[in-house]
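My numbering applies: residue 227 is where the sequence shown begins, and numbers increase by one. Note that the Cβ used here is the ideal one computed from N, Cα and C, for glycine as well. These numbers come from a predicted model, not from an experiment. Notes to accompany the following structure.
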Amino acid sequence: MTPSNRSQSDLAYPRPQLRRSQWTSLNGIWKFTYDDEGKYTRPSDVSGWSQSIEVPFAPESIRSGIHDTGFHPNCWYERSFEIDAKDQRVLLHFGAVDYRTRVWVNGQFMLDHEGGHTPFSMDITTVLNPDGQQTITVWAEDDPHDLAKPRGKQDWQREPHSIWYPRTSGIWQTVWLEQVPQSYIDRIKWTPHFERWEIGFEGSVAGQYQDEMQLKVRLTVGNQLLVDDTYTVLNGEINRRIALSDPGIDDYRNELLWSPEKPTLIDAEIQLWCHGQLVDEVRSYTAMRTVSIQRDRFMLNGQPYYLRLVLDQGYWEDTLMTAPSDDALRRDVELAKQMGFNGVRKHQKIEDPRFLYWADVLGLMVWEEMPSAYRFTPKTVDRIIKEWTEVIKRDASHPCVVVWVPFNESWGVPDLTATPAHQHCVQALYHLTKTLDPTRPVIGNDGWESTATDILAIHDYDTKPQRMAKRYGPEVKLSDLFDRQRPGGRVLTLDGYPHQGQPIMLTEFGGIAYTKPEENAHTWGYARSHNVSELQLEYTALLQTVNKVEMFSGFCYTQLTDTFQEANGLLYIDRTPKFPIEAIASATLGRGNVEDEKTMLSESMKVAWPQPEDVFSDALETRRSQAYPIQPTPHCGGNYCD
Numbered sequence: 227m228t229p230s231n232r233s234q235s236d237l238a239y240p241r242p243q244l245r246r247s248q249w250t251s252l253n254g255i256w257k258f259t260y261d262d263e264g265k266y267t268r269p270s271d272v273s274g275w276s277q278s279i280e281v282p283f284a285p286e287s288i289r290s291g292i293h294d295t296g297f298h299p300n301c302w303y304e305r306s307f308e309i310d311a312k313d314q315r316v317l318l319h320f321g322a323v324d325y326r327t328r329v330w331v332n333g334q335f336m337l338d339h340e341g342g343h344t345p346f347s348m349d350i351t352t353v354l355n356p357d358g359q360q361t362i363t364v365w366a367e368d369d370p371h372d373l374a375k376p377r378g379k380q381d382w383q384r385e386p387h388s389i390w391y392p393r394t395s396g397i398w399q400t401v402w403l404e405q406v407p408q409s410y411i412d413r414i415k416w417t418p419h420f421e422r423w424e425i426g427f428e429g430s431v432a433g434q435y436q437d438e439m440q441l442k443v444r445l446t447v448g449n450q451l452l453v454d455d456t457y458t459v460l461n462g463e464i465n466r467r468i469a470l471s472d473p474g475i476d477d478y479r480n481e482l483l484w485s486p487e488k489p490t491l492i493d494a495e496i497q498l499w500c501h502g503q504l505v506d507e508v509r510s511y512t513a514m515r516t517v518s519i520q521r522d523r524f525m526l527n528g529q530p531y532y533l534r535l536v537l538d539q540g541y542w543e544d545t546l547m548t549a550p551s552d553d554a555l556r557r558d559v560e561l562a563k564q565m566g567f568n569g570v571r572k573h574q575k576i577e578d579p580r581f582l583y584w585a586d587v588l589g590l591m592v593w594e595e596m597p598s599a600y601r602f603t604p605k606t607v608d609r610i611i612k613e614w615t616e617v618i619k620r621d622a623s624h625p626c627v628v629v630w631v632p633f634n635e636s637w638g639v640p641d642l643t644a645t646p647a648h649q650h651c652v653q654a655l656y657h658l659t660k661t662l663d664p665t666r667p668v669i670g671n672d673g674w675e676s677t678a679t680d681i682l683a684i685h686d687y688d689t690k691p692q693r694m695a696k697r698y699g700p701e702v703k704l705s706d707l708f709d710r711q712r713p714g715g716r717v718l719t720l721d722g723y724p725h726q727g728q729p730i731m732l733t734e735f736g737g738i739a740y741t742k743p744e745e746n747a748h749t750w751g752y753a754r755s756h757n758v759s760e761l762q763l764e765y766t767a768l769l770q771t772v773n774k775v776e777m778f779s780g781f782c783y784t785q786l787t788d789t790f791q792e793a794n795g796l797l798y799i800d801r802t803p804k805f806p807i808e809a810i811a812s813a814t815l816g817r818g819n820v821e822d823e824k825t826m827l828s829e830s831m832k833v834a835w836p837q838p839e840d841v842f843s844d845a846l847e848t849r850r851s852q853a854y855p856i857q858p859t860p861h862c863g864g865n866y867c868d
């Protein structure tokens, strides 16, 4: 299926890799009230619904209709709906609720879930009213001051400061109903094995157990049939490796491989049969794609592949962490690709599955990163392990996901250099991740103070190309880099964990801010440009330098969009490019000559701007001879020095 008819066929299905025909969105207007004192413990305690809210937008957001950014640890939701289940089961799904959730249906307690970034579901069939009128009540607890829970970029202060953004409380992803048979397909997982030309398939069946159950799997690409197999279900599940017909010819293989340049997807139909009768049917997709590390290079489908990523915070001005629409998620994928990037590092956020769907369909690689906690306690460790396990379970089948990142910049393990427990925690999460998914590289701690990792990730916000070239140039010995350099004010590797030949990537750099002069007092960046022309000039020169550093096997520029007070984006927060997108792409791809910036930019921009020599004159005249000061935020570790 092409991207265009995929968008028409799935109708923004909230769980794109296991789709059914019978489902109902419960997004829309719900009753809502705060309970700051925590007086209510069950739906009957709620004395009155003081407000209404538009789900799935958080009450802190403008779009929700509430737009209350104060400290509210408890909130309650309620809505009614009608459903005629007949002889089917009804499942209630929540995409994500921050942070702890209790759910009642028709006054009956159903579930208690903890974790603000992962989905949960329940079978509500037995508590449905026979007349068809039903009521859902939800309590969400989200202590705004709790730094021992995974919260990512959500600020614990009332007003967003430094690199942290407005909080997200309560429901922030789709709520939906699904009607299923008495026996139904509950879970599927795909694992491509490029070397053996096989696709691993795991499936499980839930509900009423029946004898002689079989799963039929049909795989196609366009009109081409690849697989039509039937497997017997044993103990409610199957686990098979599906061998594809492989003539061993590279041209044939290449046609079936997924990559950002050619994102071929394999469509799947899975049917559950019992005693010769079709019981359940779902649609899914997978891809033939493998990622690995070979010595100092990242490998895609068995070939070295250079990663050009952009840091993606995943926030919108009026809707915060929730995308305003499915089209907005697709547009972010399209913009990243148009800007010359082949991937994004989703920073401190577990993104909506619909984003991963569009990344799969359109061809954009994703580094998935666990939102950080900011205190190290036994409870923190329990929470991270539980939620990170759920994250991997949710997203392991997406071909776009190519790297897992459990920790960022020692957040949540602040004494990593000196405290063994912090070191063991990072190593434990690294090995847990490799246990749950041995098919993808894992970065134990992105940025610095590395222990267990498949990629040596460096954060360096020096925006002077000459200094970057000197720090990482061909004359630099790797031993000196890891023993003496501290790009973020931190050692790159901990004692006892030397660099062992892993790929080296610059996974955060740039951060050049530009915004309207009247907004400068309210925004910040690691460096600042006076005008758009200067931003373009500095971005192009910096990217030219980074692209030519031979020791790097990839990079990640900070960042895709402006995000509230952080004006580091190549796009404004409304997704408007700060300078022509063709010029951004040209610079991202490293075309041109660093030594002659004006000529380089003039040549690369002729298509976008008819008279480029006039565009850059003011930028060249105002260009400073000294580096802009690096703001001493917790993120960058202070000023840089030679």
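Closest by C-alpha distance to residue i, when choosing among the options
i: I464; options: S347, G333, A432; result: A432
i: E734; options: L786, R377, I799; result: L786
i: V772; options: F320, Y698, A554, A585; result: Y698
i: D578; options: F602, K612, T548, A513; result: T548
i: G780; options: V628, A678, A793, I730; result: I730
i: K696; options: I669, E776, R666, P640; result: E776
i: D680; options: V668, T689, G673; result: V668
i: I543; options: H293, H756, F427, R523; result: One detail in the question is off: residue 543 reads as Glu in this sequence, not Ile. With distances taken between Cα atoms, E543 lies closest to H293.
i: A322; options: P806, E613, T659; result: E613
i: W593; options: K575, V329, E760, D412; result: K575
i: P806; options: V758, F524, H419; result: V758
i: T763; options: P489, R444, I738; result: It should be pointed out that residue 763 corresponds to Leu in this sequence rather than to Thr. Among P489, R444, I738, the Cα nearest to that of L763 is on I738.
i: Y266; options: A311, V364, M336; result: V364
i: L526; options: T665, G474, P604, E495; result: T665
i: V631; options: W637, G670, I611; result: G670
i: T659; options: V702, I610, K488, A683; result: I610
Close beta carbons around residue i, own chain, < 7 Å, minus the five adjacent residues each side
i: T814; result: R534, M565, G566, F567, L769
i: Y583; result: P242
i: A238; result: D552, R580
i: A622; result: K415, D663
i: T719; result: S676, F708, H725
i: A834; result: For A834, the predicted structure reports a pLDDT of 36, less than 50, and the residue's modelled location is therefore unreliable. A value from the coordinates is still provided. Counting only Cβ-Cβ distances below 7 Å, and skipping sequence neighbours, we find P806, E808, A809.
i: T394; result: A284, E286, D324, Q380, L546, M547
i: E367; result: P299, N300, Y325, R326
i: C867; result: Here C867 scores only 30 on pLDDT, less than 50, and its place in the model is too uncertain to base an answer on.
i: S290; result: I279, E280, F283, A284
Residue(s) in a DSSP beta bridge with residue i
i: E616; result: None, per the DSSP bridge assignment.
i: K442; result: T456, Q497
i: S306; result: T361
i: I350; result: Partner(s): none; I350 has no beta bridge.
i: W330; result: F335, T363
i: T417; result: G426
i: W674; result: Answer is none; W674 lacks a bridge partner.
i: L318; result: M348, L403
i: S270; result: DSSP lists no partner for S270.
i: N465; result: E428
Residue i and residue j closer than 8 Å at C-beta
i: Y752; j: Y687; result: yes
i: P407; j: V316; result: no
i: L930; j: Q649; result: In the structure displayed, the chain extends from 227 to 868; residue 930 sits before or after that span and is not available.
i: Y783; j: G736; result: yes
i: R716; j: W750; result: no
i: L244; j: I309; result: no
i: P713; j: W484; result: no
i: F633; j: D608; result: no
i: F258; j: S278; result: yes
i: E635; j: H685; result: yes
i: I468; j: V447; result: no
i: V281; j: I397; result: yes
Spatial neighbours of residue i in its chain, beta-carbon cut-off 6 Å, leaving aside the 5 residues before and after
i: Q869; result: No answer is possible for residue 869: the residues shown for the chain start at 227 and end at 868.
i: D472; result: W423
i: V559; result: W584, A585, L588, L590
i: G429; result: I414, L441, I464
Neighbourhood of residue i by C-beta distance below 8 Å, restricted to the same chain and skipping five residues each side
i: L373; result: W382, A599, Y600, R601
Chain D contact for residue i (CB, 8 Å cutoff)
i: T679; result: Considering every chain present, this structure includes no chain D. It has just one protein chain.
Item to check | Ranges of the alpha helix (DSSP H) found wholly within the stretch 553-602, counting only runs of at least 4 | outcome: 579-588
Item to check | alpha helix (DSSP H) runs contained entirely in the stretch 472-530, provided each spans 4 or more residues | outcome: 476-482
Checklist entry - What are the start and end residues of each continuous alpha helix (DSSP H) run of 4 or more residues lying completely inside the stretch 717-800, in chain order? => result 758-773
Next on the checklist: Threshold first: 4 residues or longer. Then list the alpha helix (DSSP H) segments lying entirely within the stretch 624-703, N to C.
Outcome noted: 646-662, 691-698
Checklist entry - Where are the beta strand (DSSP E) runs, 3 residues long or more, that stay fully inside the stretch 368-396, in chain order? => result none
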